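> Sequence order for the protein chains is A and B. Here the first sequence is numbered in numbering that gives the first Met the number 0, starting from 0 and rising by one per residue. Here the second sequence is numbered in numbering that gives the first Met the number 0, starting from 0 and rising by one per residue. I am attaching a structure below and will ask some questions about it afterwards.
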Amino acid sequence: MIDLRAMTDPTLIRNFSIIAHIDHGKSTLADRVLELTHTIEDRDMMEQVLDSMDIERERGITIKAQAVRVLYEADDGKTYTLNLIDTPGHVDFTYEVSRSLAACEGVLLVVDAAQGVEAQTVANALMAMNAHLEIIPLINKIDLPSAEPERVRHEIEEALQIPADEAVLTSAKTGEGVRAALESVVRRVPAPVGDPAAPLKALIFDSFFDAYRGVVALIRVVDGHVAAGMKIRMMATQTVTDVEEVGVRRPQQVPVSELGVGEVGYLITGLKDPSLVKVGDTVTAAKHGSLDPLPGYRDVKPMVYTGLFPIDGDQYPELRDALDKLRLNDPAIIYEPESSHALGFGFRCGFLGLLHMEIVKERLEREFDLDLLATAPSVEFHVFKTNGEEIAIHSPQDMPDPGVLDRVEEPYLKVTVLVPPEYVGAVMEMNDNHRSTFVNMQYLSATTVDMHYEMPLSELIMDYFDQLKSRTKGYASLDYEYIGYRESDLVKLDVLLAGKPVDALSFIVHKDKAYARGKVLTEKLRKIIPRQMFEVAIQAAIGGRIIARETVSAKRKDVIAKCYGGDISRKRKLLEKQKKGKKRMKNLGNVEVPQEAFMAILKVDD
Amino acid sequence: MASEAAMRPAVSSGLATLAADTAAAALPVSLYVHVPFCVSKCAYCDFHSVPGHESWRQPFVDAALFEVGHWSHHDLLDDVPTVYVGGGTPTLLGDGLVRLVRGLRETARIRPQAEFTVETNPETTDAILVAALIDGGVNRFSLGVQSFDDEILRILGRCHDAEAASGAARTLRDAGAAFSIDLICGVPGQSFESWDDTLEKAVASGARHVSVYPLTVEDGTPLAVAVESGSMPALDPDVAADMMLAADVALAAAGMPRYEVASYAQPGHEARHNQVYWSGGAYLGIGPSAASMLPHDTYVRLADGEGWPLPEQDGGQPPLARTRFSHSSDLPAYLRRPLTAPTELEHLSEAEVKREDVMLGLRLRRGVLAASVEAAGLTAVLGGLADKGLVSLSERDGDARWRTTEQGWLLGNEVFGSVWAGE
Numbered sequence: 000m001i002d003l004r005a006m007t008d009p010t011l012i013r014n015f016s017i018i019a020h021i022d023h024g025k026s027t028l029a030d031r032v033l034e035l036t037h038t039i040e041d042r043d044m045m046e047q048v049l050d051s052m053d054i055e056r057e058r059g060i061t062i063k064a065q066a067v068r069v070l071y072e073a074d075d076g077k078t079y080t081l082n083l084i085d086t087p088g089h090v091d092f093t094y095e096v097s098r099s100l101a102a103c104e105g106v107l108l109v110v111d112a113a114q115g116v117e118a119q120t121v122a123n124a125l126m127a128m129n130a131h132l133e134i135i136p137l138i139n140k141i142d143l144p145s146a147e148p149e150r151v152r153h154e155i156e157e158a159l160q161i162p163a164d165e166a167v168l169t170s171a172k173t174g175e176g177v178r179a180a181l182e183s184v185v186r187r188v189p190a191p192v193g194d195p196a197a198p199l200k201a202l203i204f205d206s207f208f209d210a211y212r213g214v215v216a217l218i219r220v221v222d223g224h225v226a227a228g229m230k231i232r233m234m235a236t237q238t239v240t241d242v243e244e245v246g247v248r249r250p251q252q253v254p255v256s257e258l259g260v261g262e263v264g265y266l267i268t269g270l271k272d273p274s275l276v277k278v279g280d281t282v283t284a285a286k287h288g289s290l291d292p293l294p295g296y297r298d299v300k301p302m303v304y305t306g307l308f309p310i311d312g313d314q315y316p317e318l319r320d321a322l323d324k325l326r327l328n329d330p331a332i333i334y335e336p337e338s339s340h341a342l343g344f345g346f347r348c349g350f351l352g353l354l355h356m357e358i359v360k361e362r363l364e365r366e367f368d369l370d371l372l373a374t375a376p377s378v379e380f381h382v383f384k385t386n387g388e389e390i391a392i393h394s395p396q397d398m399p400d401p402g403v404l405d406r407v408e409e410p411y412l413k414v415t416v417l418v419p420p421e422y423v424g425a426v427m428e429m430n431d432n433h434r435s436t437f438v439n440m441q442y443l444s445a446t447t448v449d450m451h452y453e454m455p456l457s458e459l460i461m462d463y464f465d466q467l468k469s470r471t472k473g474y475a476s477l478d479y480e481y482i483g484y485r486e487s488d489l490v491k492l493d494v495l496l497a498g499k500p501v502d503a504l505s506f507i508v509h510k511d512k513a514y515a516r517g518k519v520l521t522e523k524l525r526k527i528i529p530r531q532m533f534e535v536a537i538q539a540a541i542g543g544r545i546i547a548r549e550t551v552s553a554k555r556k557d558v559i560a561k562c563y564g565g566d567i568s569r570k571r572k573l574l575e576k577q578k579k580g581k582k583r584m585k586n587l588g589n590v591e592v593p594q595e596a597f598m599a600i601l602k603v604d605d
Numbered sequence: 000m001a002s003e004a005a006m007r008p009a010v011s012s013g014l015a016t017l018a019a020d021t022a023a024a025a026l027p028v029s030l031y032v033h034v035p036f037c038v039s040k041c042a043y044c045d046f047h048s049v050p051g052h053e054s055w056r057q058p059f060v061d062a063a064l065f066e067v068g069h070w071s072h073h074d075l076l077d078d079v080p081t082v083y084v085g086g087g088t089p090t091l092l093g094d095g096l097v098r099l100v101r102g103l104r105e106t107a108r109i110r111p112q113a114e115f116t117v118e119t120n121p122e123t124t125d126a127i128l129v130a131a132l133i134d135g136g137v138n139r140f141s142l143g144v145q146s147f148d149d150e151i152l153r154i155l156g157r158c159h160d161a162e163a164a165s166g167a168a169r170t171l172r173d174a175g176a177a178f179s180i181d182l183i184c185g186v187p188g189q190s191f192e193s194w195d196d197t198l199e200k201a202v203a204s205g206a207r208h209v210s211v212y213p214l215t216v217e218d219g220t221p222l223a224v225a226v227e228s229g230s231m232p233a234l235d236p237d238v239a240a241d242m243m244l245a246a247d248v249a250l251a252a253a254g255m256p257r258y259e260v261a262s263y264a265q266p267g268h269e270a271r272h273n274q275v276y277w278s279g280g281a282y283l284g285i286g287p288s289a290a291s292m293l294p295h296d297t298y299v300r301l302a303d304g305e306g307w308p309l310p311e312q313d314g315g316q317p318p319l320a321r322t323r324f325s326h327s328s329d330l331p332a333y334l335r336r337p338l339t340a341p342t343e344l345e346h347l348s349e350a351e352v353k354r355e356d357v358m359l360g361l362r363l364r365r366g367v368l369a370a371s372v373e374a375a376g377l378t379a380v381l382g383g384l385a386d387k388g389l390v391s392l393s394e395r396d397g398d399a400r401w402r403t404t405e406q407g408w409l410l411g412n413e414v415f416g417s418v419w420a421g422e
């Protein structure tokens, strides 16, 4: 048995990550690795051990990176220290994934034996290649009756240009092949190389907040070593602080005296401000430290913005506290106060992507017991005014008057869609409706076509993914990367309810699509807004000019007349339930508006 | 006489007190008996009833009578102003129902002039049974017709046709019994012509009381499944509204003005039992799932003797005034042991009782005294509803009363919900 507390010989260390498209079995494979190496005893085992958040487990996704050290007795008789770095799988977290990969020398690329290569498989594999990592393909779920390992092997070779004759065949579910996978890791992933005598250089690949200890950084030591008591500097933020504790995660935290070359572990400094401990930053010694940071650091910028408002206006202070607390664990969120005539006081929040937004909203509601209303997501528009002024706006409400607008630019993406050939037509037709430009496409195999487009981000956040899934019967997979700002002919579309503009329903849309969107949106709202005691007009307008109108006629009958054998309690409960339903709605100038209304804009292409 | 008390089964001190207290002026307590059997389940029904189960019917009568005997014994049924035997389909019990009715008469102290109603359905309204029930003291029947249109009856999943409904009405009329007819409007596929025809036939049947319910889709019913799957169109509330208005006109013209949101009657034939529900009167429900309402102190004394749950007293809350409770709908469990603790239990404070009385009172045409509304702190709420045209304040015979308007009855949930919420 190796002493965990001592530094490990780098030749016996293997740092690797498991990367996969969602649902291809990454977390289950990690569970099996923990079992096989006796890191976690059977009695403590539960599913998705490394996904500690409820949301991660329920949705079967990984949001936060994790690192766990396991000891593996290999066939060569030696005991290796394997550091498994679990990464988030979703495109929203591309930067975080790239930093996690930078902490590794190799990856297990998990591909579902039935689903085959998907868009995120390609994206993840490309990232691993760019990071010069050893890629070990692993064809998982071979226990499925629909498994076709040979076809998938072929797809991996075609699509990814990775030799797959040595691909490991596994079933993470049954445990078959998991030991073979670890043997491949030991054999094929290079041992970390670094200079133990050089000044400390360690990569921060994730961080989280501990209520008692402050910010805990997950690090990978590249050169030198780090030990408790050292004075260190975070190079990007120029923060100098003392090291309180270093240790390894198994997955619970075990302090060690120091972490040396190639080792992965955690670092506690007592810092309470997460914005000082940034993912991708380099830790070095405060005195005589390294001068050149590790490459790849980037200040992460939110891509998607939304207004979050408490349904009960009195919960505004609670929402602020909740955001402050959540940000400790998720420094990627930004927020600033926003006030809306319709919705009162809330926050305009920026997120890495749509999934990130959904997760944060859900965590706020769940962990802090808040009832929130989210306005339709938007992007950061760059507005150039006629007076030469340039502003960035995150909310449709901030769009200046058309009279003072010179031009507007919006963020564009390079979008990759992988789809079976029979759906190519459907994808092309759909993308035409999303202001996209076709770049090229490539047949990866008889069953997979790789299509490339350029498209505004604002189109992608319009329910694009759900539509893509439904038009391709779930076969398409999607990935994208940001390619910069481009000019677009954009206008602000306003919505009026009972003659009054509702600022929270405004959105920015391409001029050519404004009429169609306005019409469909008012039709949608007519179906969403329940009948009220009076007639309600729903109008869409551009710059004060009405372009569409629908009417919700007044409610005529709503009564529980039945007597229920004198069961007044039951009757009253039905009334209370109805009243409660109303309370979940937002009262805008006497019109009761259900929450879905604020998301209706996203569904206008159905 | 002294020996009678000694012969009683062991009675706790709580019930003994109850007996002593009520000896002077007995609390009027109406009786509701829930008979949970029916021929077959209708598509819209979510009341507790089970089709078939013939072998359970006589044990049910025994259990119900045991329960009534128990409460009579404990002096809870010393002054019974109204009795309603509902269901399910009570007449499905046949002779068992006659035994039940006679048993009730013998066991509880039912007022001589009490209203005694039995619910029945066309397929089980038999002349001999009706005669036996009248002989046993029943003086009113409520006939579940729902429609005189075979197509609508089929959609509702009723197990009788229009002819059977007319026949049953004739049987009741020939027996000289007062009876009410239940009708349902707003059924998908129901035309105004069909509805007018149904109203006409209801009037012609000789009924002196008609109840009109707009169809509601209750969760988990076959109707809900049909609407969900699209095999049946969703209900149109506008059509239901127009049909309720049509009923109002047709029945008033036939001498049966509306006296409650869903009820129409010839003057003097209003259902007294249902008015107990709307006016804060006490009632005891017998049988599985049956609901009861008692003044809170009566409940406390009764629960004390039965070992039923009592509200937690930490002294901080306002005193409680009214208790509503109901029992499990588990029929086999009920047959094994009829007198179990309530599964639903609700204690209302004095302030809640006042609000509830206003809420229920607004179901009635006579409305609620302005003074009661003021005492419940609801004058402003009703003022707001008046602005929307749902209620109005008027004075008649020196009494200022709030009354629900026609519009208010159609949007009853708006009125009742606001009143109960007090906002």
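Yeah, the Cβ is synthetic: ideal placement off N, Cα and C, and Gly gets one too. No experiment lies behind these values; they were computed from the predicted model shown.
Is A22(B) helix, strand or coil by DSSP?
Within the second sequence, numbered from 1, the residue matching residue 22(B) stands at position 23. With a pLDDT of 49 at A22(B), under the threshold of 50, the modelled position of that residue is not reliable, and the figure given next carries that caveat. In the structure shown, A22(B) sits in coil (DSSP, three-state: anything other than H, G, I, E or B).
> Is it the case that the segment 474 to 490 of chain A contacts the segment 186 to 196 of chain A, given that we only count it when at least three CB pairs across the two stretches are under 8 Å?
Too few Cβ pairs lie closer than 8 Å, so no.
> Which residues in the same chain as H268(B) place their Cβ atom closer than 7 Å to its Cβ, once the five residues preceding and following it in sequence are excluded?
The sequence position of residue 268(B) within the second sequence is 269, counting from 1. Here the set comprises A177, R207 and H208.
> Going along the chain, which residues of its own chain have a beta-carbon closer than 7 Å to the beta-carbon of D160(B), five neighbours each way excluded?
Along the second sequence, one-based indexing puts residue 160(B) at 161. Result list for D160(B): D149 and L152, in chain order.
> What residues are listed by DSSP as bridge partners for N439(A)?
Position 440 of the first sequence, counted from the start, is the residue given in the question as residue 439(A). DSSP, once it has assigned bridges, lists H451(A) as partnering N439(A).
> Per the contact definition of three or more C-beta pairs closer than 8 Å, is the segment 124 to 142 of chain A in contact with the segment 386 to 395 of chain A?
Contact fails: fewer than three Cβ-Cβ distances are below 8 Å.
> According to DSSP, is D280(A) helix, strand or coil?
Indexing the first sequence from 1 puts residue 280(A) at position 281. Coil.
> For V121(A), which residues in the same chain have their Cβ closer than 8 Å to its Cβ, ignoring the five residues on either side in sequence?
As a working mapping, residue 121(A) is identified with position 122 in the first sequence. Excluding positions up to five away in sequence, the list reads A158, L159, T415, L417, D449 and D478.
> So, helix, strand or coil for G565(A), using DSSP?
For the purposes of this step, residue 565(A) is taken as the residue at position 566 of the first sequence. Correct three-state label for G565(A): helix.
> Which of helix, strand or coil does DSSP assign to S54(B)?
Counted from its first residue, the second sequence places residue 54(B) at position 55. If DSSP states are grouped into helix, strand and coil, S54(B) belongs with the helices.
> What residues in the segment 548 to 574 of chain A have a beta carbon less than 7 Å from any beta carbon of chain B?
So the list reads K554, R555, K556, D557, V558, I559, A560, K561, C562, G564, G565, D566, I567, S568, R571 and L574, given in the order they occur along the chain.
> Could you please give me the residues that DSSP links to D448(B) through a beta bridge?
The question about residue 448(B) has no answer, for chain B in this structure spans 0 to 422.
> Using alpha carbons as the reference points, say which of I567(A), Y481(A), E421(A) and L202(A) lies closest to S288(B).
Taking the second sequence and counting its residues from 1, one reaches residue 288(B) at position 289. Ranking the options by Cα distance to S288(B), first place goes to I567(A).
> Return helix, strand or coil for H287(A), following the three-state DSSP convention.
Numbered from its first residue, the first sequence carries residue 287(A) at position 288. In the structure shown, H287(A) sits in coil (DSSP, three-state: anything other than H, G, I, E or B).
> Tell me, please, whether the CB atom of Q577(A) is closer than 8 Å to any CB atom in chain B?
Translated into positions along the first sequence, residue 577(A) becomes position 578. Chain B contact via Cβ: present.
> Let me check understanding here. Comparing Cα to Cα, which of V216(B), D74(B) and R101(B) lies closest to I154(B)?
Along the second sequence, one-based indexing puts residue 154(B) at 155. If we check each option's Cα against that of I154(B), V216(B) comes out closest.
> Checking contacts by CB at 8 Å: is N273(B) closer than that to chain A?
Walking along the second sequence from the start, residue 273(B) turns up at place 274. Closer than 8 Å to some Cβ of chain A, the Cβ of N273(B) qualifies, so yes.
> DSSP three-state call for W435(B): helix, strand or coil?
Only positions 0 to 422 of chain B appear in the structure, and residue 435(B) is not among them; the question remains open.
> Taking the Cβ atom as the reference point for each residue, do L467(A) and M429(A) lie within a distance shorter than 8 Å?
For this step, residue 467(A) is matched to residue 468 along the first sequence. For this step, residue 429(A) is matched to residue 430 along the first sequence. Taking 8 Å as the Cβ cut-off, L467(A) and M429(A) qualify as a contacting pair.
> Along chain A, which residues have their Cβ under 8 Å away from the Cβ of P287(B)?
As a first step, residue 287(B) must be located in the second sequence, where it is residue number 288. Result: empty, since nearest Cβ-Cβ is about 11 Å, beyond 8 Å.
> The alpha helix (DSSP H) spanning A370(B) covers which residue range?
If you number the second sequence from 1, residue 370(B) lands on position 371. Here the alpha helix (DSSP H) through A370(B) covers A369 to A374.
> Any contact between the segment 488 to 498 of chain A and the segment 535 to 542 of chain A? By contact I mean 3 or more CB pairs, one from each, below 8 Å.
The segment 488 to 498 of chain A vs the segment 535 to 542 of chain A: in contact.
> Secondary structure at D30(A), three-state DSSP: helix, strand or coil?
Numbered from 1 along the first sequence, position 31 holds the residue referred to as residue 30(A). In the structure shown, D30(A) sits in a helix (DSSP, three-state: H, G or I).
> For V32(B), which of A203(B), V226(B), H272(B) and Y258(B) has the nearest alpha-carbon?
Within the second sequence, residue 32(B) is the residue found at index 33, counting from 1. The candidate whose alpha carbon is nearest that of V32(B) is H272(B).
> Between P254(A) and the rest of its own chain, which residues show a CB-CB distance below 6 Å, the 5 nearest in sequence each way excluded?
Numbered from its first residue, the first sequence carries residue 254(A) at position 255. Excluding positions up to five away in sequence, the list reads E244 and G246.
> Under a three-way DSSP split, which group does L409(B) fall into?
For the purposes of this step, residue 409(B) is identified with residue 410 of the second sequence, where counting begins at 1. Looking at L409(B) - three-state DSSP - the assignment turns out to be helix.
> For M532(A), which residues in chain B fall below 8 Å Cβ to Cβ?
Stepping through the first sequence from its first residue, residue 532(A) is reached at position 533. Under the 8 Å cutoff, chain B gives K387, L410 and E413.
> Quick one: using the 10 Å Cβ neighbour count with 16 as the cut-off for buried, is A22(B) buried or exposed?
Along the second sequence, one-based indexing puts residue 22(B) at 23. With a pLDDT of only 49 at A22(B), under 50, the local geometry of the prediction cannot be trusted, and no value is derived from it.
> Taking 8 Å as the threshold, find out whether the segment 177 to 190 of chain B comes into contact with the segment 136 to 145 of chain B through three or more Cβ pairs.
Enough Cβ pairs lie closer than 8 Å, so yes.
> Give a yes or no on whether 8 Å exceeds the smallest Cβ distance from R402(B) to chain A.
On the second sequence, residue 402(B) is found 403 positions in, with the first residue counted as 1. No, R402(B) does not count as interfacial toward chain A.
> By the three-class DSSP mapping on this structure, what secondary structure does F367(A) have?
To locate residue 367(A), count along the first sequence from 1; it is residue 368. Three-state DSSP puts F367(A) in coil, outside helix and strand.
> Using beta carbons (cut-off 8 Å, strictly below), is T119(B) in contact with chain A?
Position 120 of the second sequence, counting from 1, holds the residue named residue 119(B). It does not; no Cβ of chain A falls within 8 Å.
> Taking only three categories from DSSP, how would you classify E147(A)?
For the purposes of this step, residue 147(A) is taken as the residue at position 148 of the first sequence. DSSP places E147(A) in coil when its eight states are reduced to three.
> Rounded to whole angstroms, how far is the Cβ of G376(B) from the Cβ of G421(B), which I believe are closer than 8 Å?
Looking up residue 376(B) in the second sequence gives position 377. Looking up residue 421(B) in the second sequence gives position 422. Yes, G376(B) and G421(B) are in contact; Cβ-Cβ is about 7 Å, under 8 Å.
> Give the straight-line distance between the Cα atoms of P395(A) and R326(A), rounded to the nearest whole angstrom.
Translated into the one-based positions of the first sequence, residue 395(A) becomes position 396. Translated into the one-based positions of the first sequence, residue 326(A) becomes position 327. Going by the C-alpha atoms only, they are around 25 Å apart.
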